[in-house]
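A.B. asks: Please find one structure pasted underneath; my questions will follow.
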Amino acid sequence: MATAEPLLDVRDLRVSFRVFRGTLSVLDGVTLAVRPGERVGLIGETGCGKTTTLRAIMRILPREARVGGGQVLFAGRDVLSMNAGDLSAFRRKGASLVFQDPTAALNPVFTVGQLLDEVIKYSQGRAMPAKERRAVAAAALRDVALPDPARILNSYPFQLSGGMRQRVCIAMAIGVNRELILADEPGTSLDVTIQDQILRLISDLVAKRNVAVVLVTHSLGVVRETTDRVYVMYAGSIVESAPVKELFRAPLHPYTVALLECIPKLSGERISQGIPGSMPDYLHPPRGCRYQPRCPRAEEGCAAGRPPMREVAPGHSVACYRVAAQGGEDR
Amino acid sequence: MNQPVLEVRELKKHFPIRKNVAVRAVDGVSFELREGEILGLVGESGSGKSTVAYTVVGMYRPTAGQVIFRGEDVSREAARRNLGQKGQMQIVFQDPGSSLNPRRTVRQILRLPLMIHGLAKTESEKEEKAVDLLRRVELPEEYLDKYPSGMGGGERQLVAIARALATSPSLIIFDEPTSALDVSVQAKVINRLVELHRRLNLSYLFITHDLSLMRNVSSRVAIMYLGVICEVAETKAFFTAPRHPYTHMLLSSIPVVSDLEEELKPRKVPSVGEIPSPVNIPRGCRFHPRCPEAVQQCREAEPQLRPVAGGTHLVACHRALPD
Chain F
3 MATAEPLLDV RDLRVSFRVF RGTLSVLDGV TLAVRPGERV GLIGETGCGK TTTLRAIMRI
63 LPREARVGGG QVLFAGRDVL SMNAGDLSAF RRKGASLVFQ DPTAALNPVF TVGQLLDEVI
123 KYSQGRAMPA KERRAVAAAA LRDVALPDPA RILNSYPFQL SGGMRQRVCI AMAIGVNREL
183 ILADEPGTSL DVTIQDQILR LISDLVAKRN VAVVLVTHSL GVVRETTDRV YVMYAGSIVE
243 SAPVKELFRA PLHPYTVALL ECIPKLSGER ISQGIPGSMP DYLHPPRGCR YQPRCPRAEE
303 GCAAGRPPMR EVAPGHSVAC YRVAAQGGED R
Chain Y
4 MNQPVLEVRE LKKHFPIRKN VAVRAVDGVS FELREGEILG LVGESGSGKS TVAYTVVGMY
64 RPTAGQVIFR GEDVSREAAR RNLGQKGQMQ IVFQDPGSSL NPRRTVRQIL RLPLMIHGLA
124 KTESEKEEKA VDLLRRVELP EEYLDKYPSG MGGGERQLVA IARALATSPS LIIFDEPTSA
184 LDVSVQAKVI NRLVELHRRL NLSYLFITHD LSLMRNVSSR VAIMYLGVIC EVAETKAFFT
244 APRHPYTHML LSSIPVVSDL EEELKPRKVP SVGEIPSPVN IPRGCRFHPR CPEAVQQCRE
304 AEPQLRPVAG GTHLVACHRA LPD
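Going line by line, the protein sequences match chains F and Y. Under the working numbering, the first sequence has 92 at position 90, and the numbering climbs by one with no breaks. Under the working numbering, the second sequence has 35 at position 32, and the numbering climbs by one with no breaks.
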């Protein structure tokens, strides 16, 4: 699997937003790769650019956003330079996005059957007869473990619970055999027992259909239990990436370490005092490493230039001058 | 033994929606909060935990049951409680973005309770007290001139906490105070809360859906499900030897970050189903439709809270699980 060509290969992606006060450079060179059938986690706190990354991949950024550079290669082709026809094929068959809030993602004036039918029609072309489309829709609902598909197809979103709505959203994403699912905090607005069900569902689907998943979340626990590899994002770029076990056993970037210490643990260890300071202002981001003003290990050199991602162990990369230096001594 | 700070007895709060149909949000809850304790009230959305808080603090009038605060019966809405009782019991809400007036400065926000409760007469006294309140939550004096919109979520919540401290309460109710915050900010706020609790000898009723947080903060934990409490225990016993099948399901659903924690989770109880509507509460045990242990008895009779393991651990289950 390690040698497989990536299905999704995001290279040095830069996105900025033009606002009244100036230009916010939100994505500052995001690089990440997803292999076929792989479950990848993208974690970070509010405002670090996780959702912007997903939106840039799907090319559904808001109007005031500008892609300032980089590539989004899907199966070797750059999504950012696709023409309208190819882009629509990419969204029909290639990748799909599941949003955080299933209530806002489902149009309230259509039934679940109509919503699913729309997706199936769009991806299959008009050739498929209505009856067959309905069967595909019912099968998709069964795949996401929704009981009584016939009743649910005729229900409006408001007649379903939050967990059921999220299952419908996932059914819309997987109903038509796509290769990649981007899930933006799919369990965050749900209770833990429901979140647990949704995450298990996503994992099962990945295993059964060999689709790849990018799971965006701010919960380290969710990432640990449902993904194979993790990217940690801070203020618009990836600061660490590692196989999930390795990241939790031996986190290296000072931000990852601090974040892990903030999490309340079932084992009852005292939580840390939090991370001093706050997420930088994208209008005037700090020089050099963007974490440097909050970092307990920062030195003069950290403000001088942007630390590049460096592989310090097989599959484990870190963007930090201090870690790279220490890693060299250790090994 | 000391008299409890707060005693809630068979509390019910029903919201009528049609003739003879009501949302039974809180449906017979009893617990007591001891002096200096942090009691965690945990539950999923729709379990009625916030309704308990709002009824205790007097935002709602109870449908039935009693709220006894320091020996006085305060089972009525806040408008009919006296000023002293109101000052002694304060609440902090989940979202400081909507609980702080966006058009008032922090100074105005902090002065309001001082004025209402007649705690500061002169201008200089008000100013001094407002600065002191900010200092207690470790915010610099400059924040007095800020508006809520000019602060981060964590700082806003600290202002809301400072406001709650203005009347020198002995009981503070926190309704999901950090759920809207990132973990790095949550850690800051939680540490200040624990520090204040220790220094000012306060009692907390802490409402949350985050069990891992309760492990770190509370002295006792109560779990709510569909309007009733199904298990209460000292924090340590609660996490090491939970008895109720619902507690098992909740604990095993928590995504954790270390192998050590993984070992502490009960054997995997796959979560199934969802919390039913509080309009149609299942007969018998409220949890039976989702419970892997349910037997005929559970479908017929509603279990009552009863002591197990020495008396401080209470469980409402016919089939309370062994350790």
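For each residue, glycine too, the CB sits at the ideal point set by N, CA and C.
Run down chain Y in chain order and give the residues with a C-beta less than 7 Å from the C-beta of residue 274/F.
C.D. replies: Correct list: 190.
A.B. asks: Check whether the Cβ atoms of residue 95/F and residue 180/F lie closer than 9 Å to each other.
C.D. replies: Yes; because the gap between Cβ atoms is below 9 Å, this pair is in contact.
A.B. asks: Suppose contacts are defined by Cβ-Cβ distances below 9 Å. Is residue 29/F in contact with residue 15/F by that definition?
C.D. replies: Yes, the Cβ-Cβ distance between residue 29/F and residue 15/F is below 9 Å.
A.B. asks: Any beta carbon of chain Y sitting closer than 9 Å to that of residue 221/F?
C.D. replies: Taking Cβ atoms only, chain Y reaches closer than 9 Å to residue 221/F, which makes this a yes.
A.B. asks: Leaving out five residues on either side along the sequence, give the residues of the same chain with a beta carbon under 8 Å from the beta carbon of residue 321/Y.
C.D. replies: Here the set comprises 288, 298, 300, 301, 304 and 306.
A.B. asks: What is the rounded straight-line gap between the Cα of residue 172/Y and the Cα of residue 285/F?
C.D. replies: Each residue's alpha carbon lies about 42 Å from the other.
A.B. asks: By alpha-carbon positions, which one of 118/F, 191/F, 186/F and 145/F ends up nearest to residue 337/F?
C.D. replies: Outside the displayed span of chain F (3 to 333) sits residue 337/F, for which this structure offers no information.
A.B. asks: Tell me which residues share the same chain as residue 21/Y and place their Cβ nearer than 6 Å to its Cβ, disregarding the 5 neighbours each side in the sequence.
C.D. replies: Taken in chain order, the list of residues that qualify is empty.
A.B. asks: Note down, one range per segment and in chain order, each alpha helix (DSSP H) of at least 4 residues found wholly within the stretch 112-141 of chain F.
C.D. replies: Runs of the alpha helix (DSSP H) inside the stretch 112-141 of chain F: 114-126.
A.B. asks: Could you give the first and the last residue of the continuous beta strand (DSSP E) run that contains residue 19/F?
C.D. replies: Start and end: 10-21.
A.B. asks: Starting from residue 46/F, trace the beta strand (DSSP E) both ways and give me its first and last residue.
C.D. replies: Element bounds for residue 46/F: n/a, residue is neither H nor E.
A.B. asks: Among 280/F, 244/F, 281/F and 291/F, which one has its Cα closest to the Cα of residue 315/F?
C.D. replies: For residue 315/F, the nearest C-alpha among the options comes from 244/F.
A.B. asks: Residues in the stretch 179-195 of chain F with C-beta within 7 Å of chain Y's C-beta atoms, listed in sequence order?
C.D. replies: Cβ contacts with chain Y come from 193, 194 and 195.
A.B. asks: Please report how far the alpha carbon of residue 12/F lies from the alpha carbon of residue 207/F, in whole angstroms.
C.D. replies: Rounded to whole angstroms, residue 12/F to residue 207/F spans 24 Å at the Cα level.
A.B. asks: Measure the alpha-carbon distance for residue 281/Y versus residue 65/Y and round it to whole angstroms.
C.D. replies: If you take the alpha carbons of residue 281/Y and residue 65/Y, they lie about 17 Å apart.
A.B. asks: Check whether chain C comes within 9 Å of residue 250/F, counting only Cβ atoms and requiring the distance to be less than that.
C.D. replies: Protein chains F and Y are contained in the structure displayed, whereas chain C is not.
A.B. asks: Which residues mark the beginning and the end of the beta strand (DSSP E) in which residue 98/F is found?
C.D. replies: Where residue 98/F is concerned, the enclosing beta strand (DSSP E) stretches over 97-100.
A.B. asks: Since residue 163/Y and residue 95/Y should fall inside the 8 Å C-beta cutoff, what is the C-beta to C-beta distance between them, to a whole number of angstroms?
C.D. replies: Indeed they touch by this definition, with Cβ atoms about 5 Å apart.
A.B. asks: Which residues in chain F sit within 8 Å of residue 261/Y, going by Cβ to Cβ distance?
C.D. replies: Under the 8 Å cutoff, chain F gives 250, 267 and 269.
A.B. asks: Just to confirm the assignment: which complete beta strand (DSSP E) runs, minimum length 3, are found wholly within the stretch 217-251 of chain F?
C.D. replies: DSSP runs (the beta strand (DSSP E)) wholly in the stretch 217-251 of chain F: 231-236 and 239-245.
A.B. asks: Give, in chain order, every unbroken run of the beta strand (DSSP E) that is at least 3 residues long and sits entirely within the stretch 155-202 of chain F.
C.D. replies: DSSP runs (the beta strand (DSSP E)) wholly in the stretch 155-202 of chain F: 182-186.
A.B. asks: Sorted by chain position, which residues of the same chain lie with C-beta nearer than 8 Å to residue 42/F's C-beta, five sequence neighbours on each side aside?
C.D. replies: The answer, listed in chain order, is 34, 36, 214, 215, 216, 217, 229, 230, 231, 232 and 233.
A.B. asks: Using a beta-carbon distance below 9 Å, is residue 311/F in contact with chain Y?
C.D. replies: So, not an interface residue.
A.B. asks: For residue 45/F versus residue 190/Y, is the C-beta distance shorter than 9 Å?
C.D. replies: Cβ distance not < 9 Å, so residue 45/F and residue 190/Y don't count as in contact.
A.B. asks: When you check each C-beta in the stretch 199-213 of chain F against every C-beta of chain Y, which residues fall closer than 9 Å?
C.D. replies: Within the stretch 199-213 of chain F, the residues whose Cβ lies closer than 9 Å to some Cβ of chain Y are 199, 201 and 202, listed in chain order.
A.B. asks: Tell me the rounded alpha-carbon separation between residue 290/F and residue 223/F.
C.D. replies: Rounded to the nearest angstrom, the two C-alpha atoms are 30 Å apart.
A.B. asks: Just list the residues that DSSP pairs residue 75/Y with in beta bridges.
C.D. replies: Answer is 72/Y.
A.B. asks: Sort 235/Y, 134/Y, 58/Y and 252/Y by Cα distance to residue 147/Y and report the nearest one.
C.D. replies: Among 235/Y, 134/Y, 58/Y and 252/Y, the Cα nearest to that of residue 147/Y is on 134/Y.
A.B. asks: Any contact between the stretch 58-66 of chain F and the stretch 249-258 of chain F? By contact I mean 3 or more CB pairs, one from each, below 8 Å.
C.D. replies: Segments in contact, no.
A.B. asks: Considering residue 242/Y, what are the terminal residues of the alpha helix (DSSP H) in which it resides?
C.D. replies: Start and end: 238-243.
A.B. asks: Relative to the C-alpha of residue 296/F, which candidate in 281/F, 303/F, 310/F and 309/F has its C-alpha closest?
C.D. replies: Residue 281/F is the option with its Cα nearest to residue 296/F.
A.B. asks: Candidates 89/F, 48/F, 141/F and 66/F: which alpha carbon is nearest residue 20/F's?
C.D. replies: The option with the nearest alpha carbon to residue 20/F is 66/F.
A.B. asks: Tell me the DSSP secondary structure of residue 297/F in three-state form.
C.D. replies: Note: residue 297/F maps to coil in three-state DSSP.
A.B. asks: Between the stretch 73-87 of chain F and chain Y, which residues of the former have a C-beta closer than 7 Å to a C-beta of the latter?
C.D. replies: Cβ contacts with chain Y: none found.
A.B. asks: Is the CB of residue 278/Y under 9 Å away from at least one CB in chain F?
C.D. replies: Judged by the 9 Å Cβ criterion, residue 278/Y is in contact with chain F.
A.B. asks: To the nearest whole angstrom, what separates the beta carbons of residue 218/Y and residue 242/Y, a pair I think is in contact under 8 Å?
C.D. replies: About 6 Å; that satisfies the 8 Å criterion.
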